[in-house]
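Each residue of the sequence shown is one higher than the last, beginning at 1034 in the numbering used here.
In what follows, a single structure is set out as structure tokens and then discussed.
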Amino acid sequence: IFVVLVSSFLLIGLGGYLAYRKINKLSRNIGLIPELRDGLHRAVNSQTHIIVEMNCKLGTSAKIHYWHKRWMPSRREWTNQHGLG
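Now the structure itself:
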């Protein structure tokens, strides 16, 4: 059983190393081909733009919620003020 465990550990380590080398080689090649590099930059820029836009919308929504909670009385307070409770 010990031999199987050691050999499986070595095989997994070898597979991880080979995958790392392949990914490293591919990432270097992407930098060398202008079309792939430009496409990657466009994809990253569009994703960044979407994230910034969503962040602005969430920030605006949070501000509206904050001001609504701060300046609008609750239903219970409103009914008590107007003698409806």
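Beta carbons are placed, not taken as given, at the ideal position from N, Cα and C, and that holds for glycine.
Computed from a prediction, not measured in an experiment: that's the story for all the values here.
Using only the alpha-carbon positions, how far apart do Val1039 and Gly1046 sit? 11 Å
So, using beta-carbon positions, are Arg1054 and Ile1063 closer together than 8 Å? no
In whole angstroms, what is the alpha-carbon distance linking Tyr1050 and Val1037? 20 Å
Ile1083 by DSSP, collapsed to three states: which one? helix
What did DSSP end up calling Ile1063 once you bin it into helix, strand or coil? helix
Please report how far the alpha carbon of Leu1044 lies from the alpha carbon of Pro1067, in whole angstroms. 36 Å
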